[in-house]
Amino acid sequence: GGGEESGGSSSEGETITLRAATGLSAQHTWWEASMVPWMERVEELTEGQVQFESFTGGELVSVPDEAEALETGTVDVAIVLPIYQPDQFPMAEVTMLPLNHSDTLIASNAWRKLLESEEELADGQTYTEMQFGNFKVFPISTTQEYSISTTGHEFNAVSDVEGTSLRTPSRIHEIYAAKTGINSVTMPAVEIYDSLSRGTFEGAFYSIADWTGYGFQDLFRYTLTGINFGHFNAFIGMSQDKWEEMPENVQEAMTQANEELFESGAQEWIDRAEEIIPENEANGGKFVDFADLDPAVQDHFNQGIEETWTDYATLLEENGLPGNDLVKVWRDLLIEEGGEVPEAIMDLE
Amino acid sequence: MNGVWKAYKIFHYIKLAGIWISGISVLLMMLMIVYDVTMRTFFSSSIRGGFEIIQNYMMPLVVFPGLAYVYASGVLPKMDLILEKLNSTAQRILIFFMLLLELFILVLIVQFSWEYAMSGLERKTAFPAAGTLYPLYPLFFLIPIAFALIIVENVFILIKNILEKNPSLVMKETKSVPEEVL
Amino acid sequence: MDNLLVIGIILAMMIVLLIAGLYIHSVLLASGIIGLILLEGFGILPGLLGNEPFNRVASYTLTTIPLFVLMAQFILQSGLVQDIFYMVHKVSKGKNSLLGILTLIIGGLLGAVSGSGTATSASLGQVAIPELRKHGYSAPLAGAIAASGGSLSGIIPPSIILILYGVATETPVGSLFVGAFIPGILTMIVFILVMLLYFRLDRKKRSQIEEPVIQDAPLPEKLSVIRLLIVSVIAILIVVVIFGGIYSGVFTPTEAGAVGAFVGLIAALVLGKVNFQFFKTSVVETVKLTGMVMIIMIGAQIFGRFVSLSLLPRRLIELIEPIMDTPVLVLIAISVVLFIMFMFIEGAAVILMSIPVILPIIQELQVDILWFGVFVAVICTIGLITPPVGLSVYAVAGVSGISSGSIFRISMVFAIVAMVVVCGLMIAFPGLATWLPNSM
Ligand code: NA
Ligand code: NA
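In order, the protein sequence lines correspond to chains A, B and C. For the first sequence, this note's numbering begins at 155 and goes up steadily by one. For the second sequence, this note's numbering begins at 1397 and goes up steadily by one. For the third sequence, this note's numbering begins at 22 and goes up steadily by one.
Listed below in structure tokens is the structure:
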């Protein structure tokens, strides 16, 4: 890709045009607050030597085909969403494990440390080598924490939780739903709004900052805060081959730009959520703190959290992957950054 | 030409098998969705992973196996502006040109979709549904097979045009019967 | 090779291949593939040709195409629609023009349960054309009525196009649906008026050339009152189940395809029409039509990838840069560009490739994004009945055997009038799209 200008022999000064893509919309936080500023900064740092030609909203590549498109050379750089492909990246879902407390900055920093970790996880390989060995990985923020939101259904007793239909966005949420008696509904993202508004099901696991992508700020009336259902992750990826073609100054510029912009990318999630909450409250939305729930309901949710961690670890171990070690590494990174998990997870050894 | 027709008849049975697979898949797909809706409405539970299974298994099974039959049935649209107005020689040249062009793109599709299927096999591509991974790569092979069958159809048409006098883009003329039936 | 040169070569090639009579899907595939090779070399092909056919087809939302067609087949094979048209004919007391109006209104109603203009057109083509033909409509006009009536599904909510637009622009899909309601009805009214005009002209021409054919058309076997009663009850039940199911949230508009087909099957059972032949015909016709639509969509997808990579949409946008300070002119220019794109390319593909480029301009002009979405959906709906790539017309031609060229000659007029009137009114009175969502 990228045309003849980006051949392997590009010497300094020659213009390099890179094709950048995402299946997400152009307004998505990851594109707008992480990828675009990164591309602009790279252009700036290389004084125009590197140019980007960008394609959003599935114009060239759809979610979740970005990783494949990098490998086939259809695009040169893309936002990769590994959680959507648990068959290829089974250990990427670790950031979706539910917690008692964290925020975008905590999870983002932990995610970045996990990606950049030099520690061997298994077979002499680091986490990134095991999962994303084919790619040059530039960490970007995770999403804001996932919450449970409903169109009005409240969780006042354990029986209110059991049998409630919620849309589950990942394998981890499906495990969690099964543990807590929640009926998990899967459906294409584009159909959620319509189905929710007509009451086909009652709510979804979603991050507040992501609501506007689907108009949920007009729909949700009840959101549980103070408990958190994980963080979706992503990274800016290039194929190793493409990366190695880049002249050294370009590689340095890309790395520098990524480091400079990492935190502001994460901050944008927090800012967006803070804008949406009052808007939703004005529409009659209610935000309920987990600590204010009936203790039996709290226990029910917490029990689910613990079992989800161990189930996920077991699932990985059964497939010959270091699940037990991975969840412990992730727990420690989170705690280091200020996150909180239930006691039983702390006791995992 | 007799031998060709005999071979074509055998080929016809292969296409027929394909359209039956597609047809049964349509009915199954209908039943699955109806069952899912019923379960959700009355028992507040849905087929676990129903949407992913329908999307990744049923849709390709509805579309690809029957594709060669569809192609041969003459239902596929084209703009019939000049072909019939040309004399027989010009028609023949044009038809040869179009068949070769068609074969060129079909061969490319078969080649690359085959490579894609093989790489899927290698990676054991799967999709997640209701906490389980279901293998996806076997479905990828439907595509090179479907398009290869269309290549075979086109080769028959090419042979027919070489052996017979009347240039034609299909094996069996359907003579636009439906319009007269109306 | 230079992008503009490649675009020029490919567009010229497309036109030549279309005129030569190559299959539409092959034209799209050949232009797309050769364009990609000229632009990027063979190296780009594995990543796009290998997976696009599967990815295009493996979509839950697209189940509506086979399932709404299956519903149409079941209902058709049960004889229900023939009976209804017979009743309408009785009620209209030989006023044949009413039948055309009714078909378009049924198209609009079907649009309220179907998200796909192509599937609805095919259904209408199957049930309505034989009846229209019996009552003095020429084959091309009957085809155009079915195609345009069916295309209304593209704008009357639910609509796949509006859903795609909503996702691409982060506009609430529900508001888009509400906003599209009035323009949808307006489009239907325009279609009805144009249809009436054609019907008059058609009749005049016929009575001059041939002997008058407008005697009472030969009717099917006398229907008993009890049968008519049963038929009416079943028909009303089907509509109630589908509308009621969707609007009460029992199932999604997509699932309605399956439920509708199932209800159609039960209706056929009640009417005693189900046997092996019933299944065989229904299922084979469904697969044929689905295969046809999907192979064109695959072609459109690959052609769309070429268009994206050629940066054609961006070049077009650059062209209109100088008139940015006259928003109305820009809007007209954008609608003309979109109209042309929808003429050549399948609707969903156009949305995907153009919105990322057009949206920033729309925002800069401070045009209401919801309004623009509805506006785009209207143009897209119209694009379903314009040559050379008019999926609604092809669907109708496919099921009826009427040549697509002859239908296009009429449906193109439907399209141009609707384009000028509906889009013109929407530009003059933006409230047509924004009033309803704002007042709810
Ligand atoms: Na519709
Ligand atoms: Na068109």
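Where is the CB? At the ideal position from N, CA and C, for every residue including glycine.
- For A:LEU235, there are no neighbours in chain C by C-beta distance under 9 angstroms, as the nearest C-beta there is about 15 angstroms away.
- With fewer than 16 other Cβ atoms inside 10 Å of its own Cβ, C:ILE247 counts as exposed.
- For A:VAL442, the enclosing beta strand (DSSP E) stretches over residues 440–443.
- For C:ALA277, the uninterrupted alpha helix (DSSP H) run begins and ends at 276–291, by DSSP.
- Within chain C, no residue has its CB atom less than 9 angstroms from the CB of B:SER1440, the nearest being about 13 angstroms off.
- Sequence-ordered contacts of the segment 43–58 of chain C with chain B read LEU43, TYR44, ILE45, HIS46, SER47, LEU50, ALA51, ILE54 [C-beta pairs closer than 7 angstroms].
- Scanning B:GLY1419, B:THR1485, B:PHE1438 for the CA closest to the CA of A:PHE355 turns up B:PHE1438.
- For A:ARG321, there are no C-beta contacts with chain C under 8 angstroms, since the nearest C-beta of that chain is about 12 angstroms from it.
- For A:GLN279, the three-state secondary structure derived from DSSP is strand.
- Against chain A, the beta carbon of C:GLY64 has neighbours under 7 angstroms at GLY227, listed in chain order.
- Shown here for C:GLY285: same chain residues with a beta carbon closer than 6 angstroms to its own, the five before and five after excluded, namely MET92, PHE95, ILE96 in chain order.
- If the five residues before and after A:LYS333 are omitted, its C-beta is found closer than 8 angstroms to the C-beta atoms of GLN457, GLY458, GLU461, THR462, ASP465, all from its own chain and listed in chain order.
- Rounded to the nearest whole angstrom, the C-alpha separation of B:ALA1464 and C:GLU339 is 43 angstroms.
- Secondary structure of A:SER351 (DSSP, three-state): helix.
- Partner residues in the beta bridge of A:LEU320, as assigned by DSSP, are A:SER338, A:GLY357.
- Of the candidates B:TRP1416, B:PRO1563, B:PHE1537, B:ILE1429, the residue whose Cα lies closest to the Cα of B:PHE1493 is B:PRO1563.
- When secondary structure is reduced to three states using DSSP, C:GLN384 falls in the helix class.
- Taking CB atoms only, B:THR1434 has no neighbour in chain C less than 7 angstroms away.
- Taking the Cα of A:GLU197 as reference, the smallest distance to any Cα among A:ASN473, A:ASN412, A:SER319 is reached at A:ASN412.
- One finds nothing in chain C with a Cβ atom closer than 8 angstroms to the Cβ of A:ALA232; even the nearest lies about 12 angstroms away.
- Using a Cβ-Cβ cut-off of 9 angstroms, B:LEU1554 is close to nothing in chain C; its nearest Cβ partner there is about 15 angstroms away.
- Per DSSP, the beta-bridge partners of A:GLY391 are A:ALA232, A:VAL291.
- At least one CB of chain B lies nearer than 7 angstroms to the CB of C:PHE283.
- Among the residues facing chain B, C:THR307 is included, as its CB has a counterpart in that chain under 7 angstroms away.
- Approximately 5 angstroms separates the beta-carbon atoms of B:ILE1429 and C:GLU276; this is inside 8 angstroms, confirming the contact.
- Close to C:ILE376, with beta-carbon spacing below 7 angstroms, are these residues of chain A in chain order: GLY211.
- Annotation note: the segment 161–245 of chain A contains the following uninterrupted alpha helix (DSSP H) runs of length 4 or greater, listed N- to C-terminal: 190–199, 220–226.
- Looking at the backbone, the Cα of C:LEU380 and that of C:THR190 are separated by about 8 angstroms.
- In this chain, the beta strand (DSSP E) harbouring A:ILE302 covers 300–304.
- By the beta-carbon neighbour count (other beta carbons within 10 angstroms, threshold 16), C:ASN459 is exposed.
- Neighbourhood of A:ASP372 in chain C, by CB distance below 9 angstroms: PRO193, GLY195, SER196, in chain order.
- Exclusion of the five residues before and after A:THR282 leaves LEU269, VAL291 as the residues of its chain whose Cβ lies within less than 7 angstroms of its Cβ.
- Contact annotation for A:ALA332 against chain B: GLY1527 [CB-CB distance below 8 angstroms, chain order].
- Residues of the segment 1448–1460 of chain B with a C-beta atom less than 9 angstroms from some C-beta of chain C are GLU1448, ILE1450, GLN1451, ASN1452, TYR1453, MET1454, MET1455, PRO1456, VAL1458, VAL1459, PHE1460, listed in chain order.
- A:GLU472 sits in a helix when the DSSP states are folded into three classes.
- Taking each of C:MET34, C:VAL308, C:THR141 in turn and checking the Cα distance to B:LEU1412, the smallest one comes out for C:VAL308.
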